[in-house]
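Residue numbers (this note's numbering): 684 to 880.
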């Protein structure tokens, strides 16, 4: 009796479904009765959905499963599909390039989104909410600064940067920010929680 090694088997087309699903699809292609083939194809799609339940969170869950069924069959499976039958060409198309936002970031360690938030806050009318947002963004800037520079940072540096990024619209002189050690501890705790998930 000989052993059946993976190196001797057909290459898995979509490994996330495993060899059994691939064998089911190969078997489907041997069935001559179209009605039976259609019924069994639906069962195989249901099995594929159970194997990869994370796909349920994606848009067009069932459509994706049917596409995968055709991919596994090398687009040879002849069945009545509830969706348009995909072609190999559809899956060989390169995605359109995503335009990269233009413009320089003066303070790279704060990032583009921080600068955008500062400008939004700067344009807000004076209010208690604006004061709280200025304090929150300044503490966030301090945390980002510490992440890049690993040292302590004087509050005056953050307040100056905030003033410059907002083009003078936010003057937070005298604002008391969180202690550097507290921000570093909080950041390390968050990193550890992410790793332990």
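Even glycine gets a Cβ: it sits at the ideal position worked out from N, Cα and C.
Residue 804 and residue 812 have their C-alpha atoms spaced approximately 10 Å apart. Taking 8 Å as the cut-off, the beta carbon of residue 821 is found no closer than this to the beta carbon of residue 866.
Comparing C-alpha distances from residue 763 to each of 802, 743 and 711 shows the shortest one belongs to 711. Taking the Cα of residue 787 as reference, the smallest distance to any Cα among 796, 781 and 780 is reached at 796.
Restricted to the region 719-802, the alpha helix (DSSP H) segments that are unbroken, complete and at least 4 residues in length are 744-755 and 771-775, listed in chain order. For residue 853, the CB contacts under 8 Å within the same chain, skipping 5 residues up- and downstream, are 801, 804, 805, 817, 845 and 846 in chain order. Shown here, residue 701 sits in a helix according to DSSP, grouped into three states. Take residue 728, set aside five residues on each side of it, and the residues of its chain with a beta-carbon closer than 8 Å to its own are 745, 748, 749 and 752, in chain order. If you draw a straight line from the Cα of residue 708 to the Cα of residue 720, it is about 10 Å long. In this model, residue 879 and residue 868 are separated by some 17 Å (Cα to Cα).
Closest in alpha carbon position to residue 738, among 718, 792, 706 and 699, is 699. Here the C-alpha atom of residue 773 lies approximately 40 Å from the C-alpha atom of residue 793. Cα atoms of residue 832 and residue 838: separation of roughly 14 Å, rounded to the nearest angstrom. In this model, residue 758 and residue 768 are separated by some 9 Å (Cα to Cα).
Nearest in C-alpha terms to residue 704, of all of 819, 765 and 731, is 731. For residue 826, the uninterrupted alpha helix (DSSP H) segment begins and ends at 811-832. Put simply, the backbone Cα of residue 875 is about 31 Å away from that of residue 734. Contact check for residue 825 against residue 849 fails: the beta carbons are separated by 8 Å or more.
Here the alpha carbon of residue 755 sits roughly 59 Å from the alpha carbon of residue 843. Under the DSSP assignment, residue 806 falls outside any alpha helix (DSSP H); it carries neither an H nor an E label.
In the three-state reduction of the DSSP assignment, residue 835 falls in the coil class, being assigned neither a helical nor a strand state.
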